[in-house]
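Numbering (this note's numbering), first residue to last: 675 to 763.
By construction, the Cβ of each residue, glycine as well, lies at the ideal position given by its N, Cα and C atoms.
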């Protein structure tokens, strides 16, 4: 599965977003490709990684085959793992 990660601008991060992605790669990189999301590429899943609850990251032009997951805290990590499990390919 190809998973795209879109970061917000980082103006008010309340947790270490890079650490969260590092944790994802440790847990899932053997079976899934986790990359920085770019326009023009369709990913299986998109993780919109917002640093705070404003969730202002623009992601309308980034496409997901299955689902986009909006994350605003490290407590949302379980939301990511549950979604990945739901679409295991």
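Residue i classed as buried or exposed, judged by whether at least 16 other C-beta atoms fall within 10 angstroms
i, result
"residue 692", "exposed"
"residue 754", "buried"
"residue 759", "exposed"
"residue 678", "buried"
Residue i at chain C interface by Cβ criterion, 8 Å
i, result
"residue 706", "Protein chains in the displayed structure number just one, and chain C is not present."
Per DSSP, the bridge partner or partners of residue i
i, result
"residue 676", "707"
"residue 741", "719"
Nearest neighbour of residue i, chosen from the options [CA to CA]
i, options, result
"residue 721", "701, 703, 705, 695", "695"
(request) Entirely within the stretch 678-702 and at least 4 residues each: give me those alpha helix (DSSP H) ranges in chain order. (result) Qualifying alpha helix (DSSP H) stretches, in chain order: 691-702.
(request) Mind the definition here: the stretch 744-752 touches the stretch 702-716 only if three or more C-beta pairs lie below 8 Å; say whether that holds. (result) no
(request) Could you tell me whether the stretch 720-734 touches the stretch 678-690, where touching means 3 or more Cβ pairs closer than 8 Å? (result) They touch, by the three-pair rule.
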